[in-house]
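Here is the structure we will look at.
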Amino acid sequence: MVLTKSEMEIMDVLWEDGGELSRSDFLERSNEKSWKDSSVHILLNGLLKKGAIREAGIVKRSKTFGRTFLPTMTREEYFANTIFSYRHKPEAIGLMAALLERPEMDAETLAAVQALIAEKLAKG
Numbered sequence: 818m819v820l821t822k823s824e825m826e827i828m829d830v831l832w833e834d835g836g837e838l839s840r841s842d843f844l845e846r847s848n849e850k851s852w853k854d855s856s857v858h859i860l861l862n863g864l865l866k867k868g869a870i871r872e873a874g875i876v877k878r879s880k881t882f883g884r885t886f887l888p889t890m891t892r893e894e895y896f897a898n899t900i901f902s903y904r905h906k907p908e909a910i911g912l913m914a915a916l917l918e919r920p921e922m923d924a925e926t927l928a929a930v931q932a933l934i935a936e937k938l939a940k941g
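Numbering (this note's numbering), first residue to last: 818 to 941.
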């Protein structure tokens, strides 16, 4: 699943908030957006259709009721799935090697990665 720029902006709001959000919540929290307020309904329905979000409940706002939404995956899961959804998938080893060379990979992060690998190996 590949998301458009506008869909990613919606997902970023969800991931950063961490809770259920309604249409009006998106409008309140989306300061730097490329989409129009009237498009949020279309964007949410597109994300539902793609399976990126799910309906989480219903909330009353003023005199009307609205749906609330939650992401179906974390930001990290989305990017991992996106990388391996391309026709020319990268080799897992090469991808890991490239990630390890990133400046963000400080000693603390490397230790956490090492612990994740050890846990995965122990589970088989």
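Glycine included, every Cβ here is placed at the ideal spot set by N, Cα and C. Note that this is a predicted model, so its numbers are computed, not measured.
In three-state terms, what does DSSP make of V930?
In the sequence shown, the residue the question calls residue 930 occupies position 113. Residue state, collapsed to three classes: helix.
If we call anything under 7 Å between Cβ atoms a contact, is S839 one with T885?
Along the sequence shown, one-based indexing puts residue 839 at 22. Along the sequence shown, one-based indexing puts residue 885 at 68. Yes, the Cβ-Cβ distance between S839 and T885 is below 7 Å.
How long is the line joining the alpha carbons of D829 and D842, rounded to whole angstroms?
Stepping through the sequence shown from its first residue, residue 829 is reached at position 12. Stepping through the sequence shown from its first residue, residue 842 is reached at position 25. Whole-angstrom Cα-Cα distance: 13 Å.
Between which two residues does the alpha helix (DSSP H) carrying V857 extend?
Here residue 857 refers to the residue found at position 40 of the sequence shown. Element bounds for V857: V857 to K867.
To the nearest angstrom, report how far apart D923 and W832 are at their CA atoms.
Along the sequence shown, read from residue 1 onward, the residue named residue 923 stands at position 106. Along the sequence shown, read from residue 1 onward, the residue named residue 832 stands at position 15. So the two alpha carbons sit approximately 24 Å from each other.
Please confirm whether S823 and L860 have their CB atoms less than 7 Å apart.
The sequence position of residue 823 within the sequence shown is 6, counting from 1. The sequence position of residue 860 within the sequence shown is 43, counting from 1. Their beta carbons are under 7 Å apart, which means S823 touches L860 by this criterion.
Less than 7 Å separating the beta-carbons of L887 and A897?
Here residue 887 refers to the residue found at position 70 of the sequence shown. Here residue 897 refers to the residue found at position 80 of the sequence shown. Taking 7 Å as the Cβ cut-off, L887 and A897 do not qualify as a contacting pair.
Look at the Cβ atom of Y826, then the Cβ atom of K850, and state whether they are nearer than 7 Å.
For the purposes of this step, residue 826 is identified with residue 9 of the sequence shown, where counting begins at 1. For the purposes of this step, residue 850 is identified with residue 33 of the sequence shown, where counting begins at 1. Looking at the sequence provided, one finds Glu at residue 826 rather than Tyr. Cβ distance < 7 Å, so E826 and K850 count as in contact.
In whole angstroms, give me the CA-to-CA distance for F882 and G836.
Mapped onto the sequence shown, residue 882 falls at position 65. Mapped onto the sequence shown, residue 836 falls at position 19. Their backbone Cα atoms lie some 18 Å apart in a straight line.
Can you give me the C-alpha to C-alpha distance between M890 and S879, rounded to a whole angstrom?
Along the sequence shown, one-based indexing puts residue 890 at 73. Along the sequence shown, one-based indexing puts residue 879 at 62. In a straight line, the C-alpha of M890 is about 30 Å away from that of S879.
For K867 versus M913, is the C-beta spacing smaller than 7 Å?
For the purposes of this step, residue 867 is taken as the residue at position 50 of the sequence shown. For the purposes of this step, residue 913 is taken as the residue at position 96 of the sequence shown. Contact flag unset, no.
Please report how far the alpha carbon of P920 lies from the alpha carbon of A929, in whole angstroms.
Within the sequence shown, residue 920 is the residue found at index 103, counting from 1. Within the sequence shown, residue 929 is the residue found at index 112, counting from 1. One C-alpha to the other measures close to 15 Å.
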